[in-house]
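Sequential numbering from 17 applies to the sequence shown in this note's numbering.
Ideal placement from N, C-alpha and C gives every residue a C-beta, glycine not left out.
Only one structure is covered here, and it is reproduced in the block below.
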Amino acid sequence: MKQNTACESCAYFAYDDECECYICEINLDEDEMLRFMQGSFNNCPYYRFGDEYSVVRKQN
């Protein structure tokens, strides 16, 4: 089964108030950044599902 690697659901995809846009918080190299900016960064090796409720579940 192919893993969903949409940036919008990644834990490292965050809104930056300074530039008023979404950014990838992983330190990408030049080639990776170019693919990210072009929207063709598929099968990202850094992808981690951003389940914002996982912390809450651990507290229970």
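Item to check | Entirely enclosed beta strand (DSSP E) segments - the stretch 26 to 66, minimum 3 residues | outcome: Scanning the stretch 26 to 66 for uninterrupted beta strand (DSSP E) segments of 3 residues or longer gives 29 to 32 and 37 to 40, listed from N- to C-terminal end.
Checklist entry - Using a Cβ-Cβ cut-off of 7 angstroms (strictly less than) and excluding sequence neighbours within five positions of Cys40, which residues of its own chain qualify? => result Excluding residues within five positions, the ones whose Cβ falls inside 7 angstroms are Cys23, Tyr28, Phe29 and Phe52.
Item to check | Residue from Cys37, Asp67 and Glu48 with nearest C-alpha to Asn58 | outcome: The candidate whose alpha carbon is nearest that of Asn58 is Glu48.
Item to check | Status (buried if at least 16 other CB within 10 Å, exposed otherwise) for Tyr38 | outcome: With a 10 Å radius around the Cβ and a threshold of 16 neighbouring Cβ atoms, Tyr38 comes out exposed.
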